[in-house]
Amino acid sequence: MIRSLLLFFVFVSFLTAGFAAPFVFSLGYVWVDGFRPQDVSYSILTELPVSMIMAVAAIGGYFVLDRRFPPKPSAQLVLTLLLAVWVTLTTSWAEVPDPAWIKWNWAFKTIVFSAFIPYVFRSSIQIEAFALIWLLALSANTLPVGAKTILSGGGYGHALGLVAGNSGFAEGSTLAAISLMMVPIFIFLRQHGRIIPRLPLLSLGYIGAIALSIAAAVGTYERTALVGAVVMGGHLWWHARRKLFFGVIAAVVVLAAGGITSQRWIERMSTVQTFDSESSALGRILVWKWTFDYALHHPLGGGFDVYRIDHIQFPNETADTPPHTIAFHSAYFEVLGEQGWVGLGLFLSLIATSLVTLRGIAKRTRDRPDLAWSLGMARALQGALLTFTACSAFIGVGFQPMFYFLFAITVSLREYTRRAMEGGVERRGRRQISPRSSNVQALAADAHAGLSARTNLERT
């Protein structure tokens, strides 16, 4: 009961604070979407449509209380809206209509709300608040797994998270991908965070969160974690100032990971070399082949959950063995099978344009000490997106919020950086939001942005 009351208090706090600073309504939606309190609460929130309440509050709060500085049209926003329209069209001719409309119900909301995010999160404080709340919401599911891994060594198929089952955060590959995706953003917050005062204990806290995130990924015993760790590590090494020192730290992390796991982890990773005989990997390859063949004959896609009509037969099975129905196990084949070549083109274009945008932000701010925050955030988001993109080749998360939130906050960062470079607001606003300013001061200043020239940074 105490847990239920605490979660209800947090939920109400977002709604209450939103009347003072309307963007907090949207922060509440991000918290609900990432943490899903209705799934871990014993009562109260289980009886409420918490996601719908927060969404209505977020959109209503924007239109009624705060419509400043809408973003300029961008490729990401156009592609996002086109994708929302396209998934609706493909659902109208779905092979399995009932499951398709169920998935459309949440996938469509995810896509559309991501297009709304750049209209709400405009200042550096708002963007950083988004990152903080999002990571805190996700961390509630990942960091306990890291702690359990350190204590017990983890294990493949073990229920380590807050929720049970084999989907969402309970699915090992997805949890590993999210854990690794968060690491570059945690590093950014430790180095450039403005909302929370930079105290020694805070720095240690971020280091602990990074360590637990990596441990969580390792503890899932998923091969996806190995792929994601290589991509994440490569990105961090490329942008590290002291590459040799980073290499030493990486070696220590690898040794520590080996110390908390067992021989079973090595055996699990070694199955990458025997993908053609290991049942899980072979099943993926067979369903990918089926999906590609299906897309050749149905170039416009078969609608959500079209995998339900596949009939996969393993080579070593007899003709009498009933065929298997296997999920896509890849975001890219998921989008290809469900949305066809048009949908896959839109999806890949969103990834590409976001990466290009982040690279452009980093290039423009590289020699601007006053925009070090934008440079750090651009590189963090780039690392997170690259890591999640690599992991998604092996998990069906093509319509999960992680992708679309990264696309959206990239647009927010681009717009903020553009205004900062055009108006020089970082120099004029630096004294208003210093690295040691408290979160209360920062959010209060943002809530009253526009009342005086002294809040110029928050207004942009």
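Residue numbering for the sequence shown is 109 to 568, as defined by my numbering.
Ideal Cβ positions, reconstructed from N, Cα and C, are used throughout, including at glycine.
Asked                                                                                                                                                           : Found
Let me make sure I understand the geometry here. Which of Arg111, Ser281, Phe133 has the alpha-carbon closest to that of Tyr170?                                : Phe133
With DSSP as the reference, label Ile503 as helix, strand or coil.                                                                                              : coil
Applying the criterion that 16 or more other CB atoms from any shown protein chain within 10 Å of the CB defines a buried residue, is Ser438 buried or exposed? : buried
I'd like to know whether the C-beta atoms of Leu240 and Ile318 end up nearer to each other than 9 Å.                                                            : no
Which term fits Asp206, buried or exposed, when burial requires 16 or more other beta carbons within 10 angstroms of its beta carbon?                           : exposed
What number of angstroms, rounded off, separates the C-alpha of Arg539 from the C-alpha of Gly391?                                                              : Residue confidence for Arg539 is low, a pLDDT of 39 falling below 50, so the modelled location carries little weight; the figure read from the coordinates is stated next. Cα-Cα distance, rounded: 58 Å.
I need the DSSP call for Ile304, collapsed to helix, strand or coil.                                                                                            : coil
Which runs of the alpha helix (DSSP H) spanning at least 4 residues fall entirely within the segment 432-512, listed in chain order?                            : 439-473, 480-499
Using DSSP bridges, identify the partner residues of Ile420.                                                                                                    : His432
If you draw a straight line from the C-alpha of Ala486 to the C-alpha of Gln421, how long is it?                                                                : 45 Å
Just tell me which of Thr525, His405, Leu309, Val360 has its CA closest to the CA of Arg476.                                                                    : Thr525
State the CB to CB distance for the pair Leu514 and Ile469, rounded to an integer number of angstroms; the pair is presumed to be in contact (CB under 8 Å).    : About 14 Å separates the two Cβ atoms, so there is no contact after all.
Given that a residue counts as buried once 16 or more other Cβ atoms are within 10 Å of its Cβ, and exposed if not, what is Met109?                             : exposed
What three-state label does DSSP hand Ala202 in the structure shown?                                                                                            : coil
Which two residues bound the contiguous alpha helix (DSSP H) that contains Asp147?                                                                              : 145-148
Assign Pro292 to one of two classes, buried (16 or more other C-beta atoms within 10 Å of its C-beta) or exposed (fewer than that).                             : buried
Can you tell which of Ala192, Thr461, Ala488 has the C-alpha that lies nearest to the C-alpha of Leu288?                                                        : Ala488
Exposed or buried, what is Asn424 when buried is set at 16 or more other beta-carbons lying within 10 Å of its beta-carbon?                                     : exposed
If contacts are defined as beta-carbon pairs under 8 Å, then Ala278 and Asp413 qualify, I think. What distance do you get, rounded to the angstrom?             : So it is not a contact: roughly 19 Å between Cβ atoms.
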